[in-house]
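Colleague:
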Amino acid sequence: MDRGLGMAGRRRRWRWIMGIGGAVIAVASGFQLARKYFEEPEYEVVREDGDFEVRRYGPRVIAETFVSVEDRRAATSVGFSRLAEYIFGGNEKIAMTTPVEATPGDEDGERIAMTTPVEAEPSEAGWRVVFTMPSERHLADLPRPRDPRVILRETPGRTVATMRFSGFMNDRLRRENERALRERLAAEGLRPTSPVTVAIYDPPSVVLPFFRRNEVMVEVEAL
Numbered sequence: 001m002d003r004g005l006g007m008a009g010r011r012r013r014w015r016w017i018m019g020i021g022g023a024v025i026a027v028a029s030g031f032q033l034a035r036k037y038f039e040e041p042e043y044e045v046v047r048e049d050g051d052f053e054v055r056r057y058g059p060r061v062i063a064e065t066f067v068s069v070e071d072r073r074a075a076t077s078v079g080f081s082r083l084a085e086y087i088f089g090g091n092e093k094i095a096m097t098t099p100v101e102a103t104p105g106d107e108d109g110e111r112i113a114m115t116t117p118v119e120a121e122p123s124e125a126g127w128r129v130v131f132t133m134p135s136e137r138h139l140a141d142l143p144r145p146r147d148p149r150v151i152l153r154e155t156p157g158r159t160v161a162t163m164r165f166s167g168f169m170n171d172r173l174r175r176e177n178e179r180a181l182r183e184r185l186a187a188e189g190l191r192p193t194s195p196v197t198v199a200i201y202d203p204p205s206v207v208l209p210f211f212r213r214n215e216v217m218v219e220v221e222a223l
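Its first residue numbered 1, the sequence shown is counted upward by one per residue in the working numbering.
1) Report the partner residues of A63 according to the DSSP bridge assignment.
2) Out of P143, V46 and E183, which one is the CA nearest neighbour of I62?
3) What is the C-beta distance between A174 and V207, in whole angstroms, given that I count them as a contact (C-beta under 8 angstroms)?
4) Expressed to the nearest angstrom, what Euclidean distance is found between the alpha-carbon atoms of V69 and V54?
5) Would you mind stating whether W235 and A84 have Cβ atoms separated by less than 8 angstroms?
6) Where G170 and R73 are concerned, what is the direct C-alpha to C-alpha distance, given to the nearest angstrom?
7) Run the CB neighbour count on L223, radius 10 Å, all protein chains shown included, and call it buried at 16 or more, exposed below.
8) Would you call the segment 151-164 in contact with the segment 41-56, where contact means no fewer than 3 C-beta pairs closer than 8 angstroms?
9) Taking the alpha-carbon positions, what's the W16 to F210 distance?
10) Round the Cβ separation of E124 and P195 to the nearest angstrom and send it over; I've been treating them as touching at under 8 angstroms.
11) Thinking C-alpha only, which one of R146, R47, D141 and I112 is nearest F131?
12) If contacts are defined as beta-carbon pairs under 8 angstroms, then R213 and R164 qualify, I think. What distance do you get, rounded to the angstrom?
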């Protein structure tokens with residue numbers, strides 16, 4: 001009798017463990033699908049070792065804004081709001097001679113697809129926050145921002161060294177991984193040519209820290 005009860009208890013525990021495992025897998029799959037919904041700039045991996053990569057990116061069109069706040073988290077929040085307002089319709093359509101497929105935004109503006117990651121880089125007066133525009137869009141056909149603090153421009157190709165890590169971004173994680181990235185650059189004989197940028201790939205709705213993708217990245221001399 002006791003043996004039967006013990007086996008039943010073990011079966012219940014096993015079903016509980018399997019249920020939790022299945023739920024975790026389902027959540028992880030959902031996060032991966034959500035991440036794939038947003039376009040990410042294409043790149044070629046030049047070097048790779050664990051969480052460290054050297055990538056070659058092509059030219060891109062960006063929307064950027066400068067936030068005069070020293071705190072990274074606060075500056076990223078302010079910058080994100082400005083840029084999100086632009087892509088979600090806070091803009092003025094330009095006259096076109098040929099049709100351009102676009103999703104209607106508000107009464108006057110045009111909605112532009114969100115991409116990933118959101119980038120934040122220290123600047124002289126605070127932080128520079130960047131969205132990459134969808135790859136099918138060109139600078140000439142993008143609507144003009146209503147907010148003069150949102151700047152559109154095209155940037156050339158670049159070679160970038162990155163260190164990937166998980167968790168909710170905070171200053172401790174940023175400093176630890178920036179230090180690890182700089183140590184790796186020295187070991188690889190790579191010279192940085194820009195400030196270190198923080199790249200956040202997931203929205204706040206991804207609540208499990210180990211499923212979140214973050215990177216610190218820095219431009220280096222072309223290989």
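A virtual CB, placed ideally from N, CA and C, is assigned to each residue, including glycine.
Modeller: Let me lay it out:
1) The count along the sequence shown starts at 1 and reaches residue 63 at position 63. According to DSSP, which records beta bridges pairwise, A63 is partnered with F131 and L152.
2) On the sequence shown, residue 62 is found 62 positions in, with the first residue counted as 1. Taking only the C-alpha atoms, the option nearest I62 is P143.
3) Here the question's residue 174 lines up with position 174 in the sequence shown. Here the question's residue 207 lines up with position 207 in the sequence shown. Note on residue identity: the sequence assigns Arg, not Ala, to residue 174. That pair is no contact at about 20 angstroms.
4) Start at 1 with the first residue of the sequence shown, and residue 69 comes out as number 69. Start at 1 with the first residue of the sequence shown, and residue 54 comes out as number 54. About 30 angstroms.
5) There is simply no residue 235 to check, as the chain begins at 1 and stops at 223 in what is shown.
6) If you number the sequence shown from 1, residue 170 lands on position 170. If you number the sequence shown from 1, residue 73 lands on position 73. Before going further, note that residue 170 is Asn rather than Gly in the sequence given. Each residue's Cα considered, the two are about 8 angstroms apart.
7) What you label residue 223 is simply residue 223 of the sequence shown in a count that begins at 1. Per the 10 Å Cβ criterion, exposed.
8) yes
9) The residue given as residue 16 occupies position 16 in the sequence shown. The residue given as residue 210 occupies position 210 in the sequence shown. Annotation note: pLDDT 44 at W16 (below 50); position unreliable, coordinate value reported separately. One C-alpha to the other measures close to 22 angstroms.
10) In the sequence shown, residue 124 corresponds to position 124, counting from 1. In the sequence shown, residue 195 corresponds to position 195, counting from 1. E124 to P195, Cβ: 10 angstroms. No contact.
11) Along the sequence shown, one-based indexing puts residue 131 at 131. The candidate whose alpha carbon is nearest that of F131 is I112.
12) Locating residue 213 in the sequence shown gives position 213, where the first residue counts as 1. Locating residue 164 in the sequence shown gives position 164, where the first residue counts as 1. Contact flag correct, Cβ pair sits at about 7 angstroms.
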